[in-house]
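Last residue of the sequence shown: 187 in the working numbering, with the numbers rising by one and none dropped. Glycine included, each C-beta is placed from N, C-alpha and C at the ideal position.
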Amino acid sequence: MSSDESSSSNSSPAPGPEGKTRSSAALAGVSLVLMALLVWAMAPSRAKYKPAPLRPVPAGCPKVLTDFVPTDATEVPGVDLSSFTKTQRNHILYRLNMEPCPCSCNTSIAACRLSHPACPVCKDLVEKILLEERQGQQPANAPK
Numbered sequence: 044m045s046s047d048e049s050s051s052s053n054s055s056p057a058p059g060p061e062g063k064t065r066s067s068a069a070l071a072g073v074s075l076v077l078m079a080l081l082v083w084a085m086a087p088s089r090a091k092y093k094p095a096p097l098r099p100v101p102a103g104c105p106k107v108l109t110d111f112v113p114t115d116a117t118e119v120p121g122v123d124l125s126s127f128t129k130t131q132r133n134h135i136l137y138r139l140n141m142e143p144c145p146c147s148c149n150t151s152i153a154a155c156r157l158s159h160p161a162c163p164v165c166k167d168l169v170e171k172i173l174l175e176e177r178q179g180q181q182p183a184n185a186p187k
């Protein structure tokens, strides 16, 4: 009896699930690749729209947008600061150098006035800042 048992135990083992595991993993990998290709093929192409400008750009202002960098101008053409006190002059120059010009040239008001003296937007802003300083008003966005 023991010889029958020993002979059956000595025979080569039956093929295990190892073959099925490899084929299952390969099938799962191929399925994932096919699904990825399907998603990629079905994805709509994206339109390349440019946003509309919020306000029209005045003639004479550059159309190229760059990062805003404050300036350090001490004199601005067309701006007479002789009638102001030293504190007022410093405050006016500070605002002209730190506030961006809204004409989309993306420079400070002082730099826009220096490089584009005909810019009507910048000219109006300079006059507004001078008037506010004469009247002793704080700008609406100034910290208190």
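A Cβ-Cβ distance of about 6 Å is found for the pair H134 and E176, placing them in contact under the 8 Å criterion.
With fewer than 16 other CB atoms across the displayed protein chains lying within 10 angstroms of its CB, S74 is exposed.
Checking the DSSP bridge columns, you'll see P143 partnered with S151. Bounds of the alpha helix (DSSP H) holding D167 are 163-178.
Counting of Cβ neighbours within 10 angstroms places L139 among the buried residues, the total reaching 16 or more. Taken through DSSP and simplified to helix, strand or coil, Y92 comes out as coil. When the Cα atoms are used, T117 and K93 turn out to be separated by approximately 37 Å.
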